[in-house]
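In the working numbering, the protein residues as written are 140 to 462.
Virtual Cβ for every residue (Gly too), placed ideally from N, Cα, C.
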Ligand SMILES: *[C@@H]1O[C@H](CO)[C@@H](O)[C@H](O)[C@H]1NC(C)=O
């Protein structure tokens, strides 16, 4: 039953992702039949240690693809493929390494295979340049530019991608994707339209975002935010002066710095904690001063078509939420 549910959620995820973000080409996106975790739960621990290499999940990579499991993925061009992208994702508390095993492309003829620390969709990046610890140029690793010197990349969050262009039939490359535990997750894209999460920012001067790329109903169940002891409790309208605070953002792209603010939560917050947000992307963002340990917990579920309809009808302006 759990397996069925999960499979269904994954299918739903791929479908929704196609519809809302990639706009078409759904036929290229497929589900990764069985995950290694599910397979492993059937095996003894002795056997488990020996199996990883032998049993590594392997399959061909498609020109537009989504990968949520570890394994080895091989792309072979049959015709020129000029604009391809593979999106990788893991659990919120994981990060991803991508390693080139073999690359046979014509770098001097304009081919490239480039890894990116994050996702790029419709020209926007996640995490946004503001929220990512590395400067933008360090987030790209182009196999051709690096003279094959850098053969792997470790992502800073639970998503990564590879984009590539190959002209010659028969050109190919293979890469291995692995997941690792990330003890301090900061920026996250949710793997599914339903779940719950607690975001904790350690004492770091760094903002963190949790992004849900579906229209959702979201419930902020608890927050504990560090604040300046002299903050006057009810005098100021916004949160900016208070210390750490939480922003709820919405919009249609994945760059959090381009989303519109829905509401801010800080110690003086008294508004609703349950909201229906009809945006393609909903983000919970912790703005951290670096002086406190702050935490926010929330749960979310997808909006059904009737709820979405209601939001559309109620909105005179072109914005995607109501209370
Ligand atoms: C965090 O976000 C706030 C508000 O968007 C911004 O003013 C601040 O510079 C950001 N902090 C860091 C470290 O990027």
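In the structure shown, the three-state DSSP call for residue 209 is coil.
Put simply, the backbone Cα of residue 439 is about 34 Å away from that of residue 238.
Cβ neighbours of residue 218 within its own chain (closer than 7 Å, five residues either side excluded): 308. Partner residues in the beta bridge of residue 366, as assigned by DSSP, are 382.
In chain order, 273, 278, 292, 294, 295 and 299 place their CB closer than 7 Å to the CB of residue 256, counting only its own chain and leaving out the 5 sequence neighbours on each side. With respect to residue 280, residue 236 sits apart: the two C-beta atoms are not nearer than 8 Å. A heavy atom of ligand 1 is found nearer than 7 Å to the CB of residue 344. Between the beta-carbon of residue 366 and that of residue 233 there is about 31 Å, and that puts the pair past the 8 Å contact cut. Annotated three-state conformation of residue 420 is strand, per DSSP.
In the structure shown, residue 202 falls within a coil segment according to DSSP collapsed to helix, strand and coil. The beta-bridge partner set that DSSP reports for residue 271 is empty.
For a cut-off of 8 Å, the C-beta gap from residue 227 to residue 328 is around 11 Å, too long to register as a contact. Taken through DSSP and simplified to helix, strand or coil, residue 290 comes out as coil.
Residue 301 has its alpha-carbon roughly 15 Å from the corresponding atom of residue 216. Secondary-structure assignment with DSSP links residue 304 through a beta bridge to 251.
Between the alpha carbons of residue 331 and residue 220 lies a gap of roughly 30 Å. Comparing C-alpha distances from residue 241 to each of 311, 340, 317 and 263 shows the shortest one belongs to 311. By the beta-carbon neighbour count (other beta carbons within 10 angstroms, threshold 16), residue 248 is exposed. With a beta-carbon spacing of about 15 Å, residue 433 and residue 387 fall beyond the 8 Å limit used to define contacts. Residue 437 sits away from residue 352, with the two beta carbons spaced by 8 Å or more.
Secondary structure remark: continuous alpha helix (DSSP H) runs of at least 4 residues inside the region 427–456, in chain order: 444–453. Contact between residue 314 and residue 212 is confirmed by a C-beta separation of about 6 Å, below the 8 Å threshold. Residue environment for residue 268: exposed (fewer than 16 other C-beta atoms within 10 angstroms of its C-beta). Residue environment: residue 404 is assigned as buried (16 or more neighbouring CB atoms within 10 Å of its CB, all protein chains considered).
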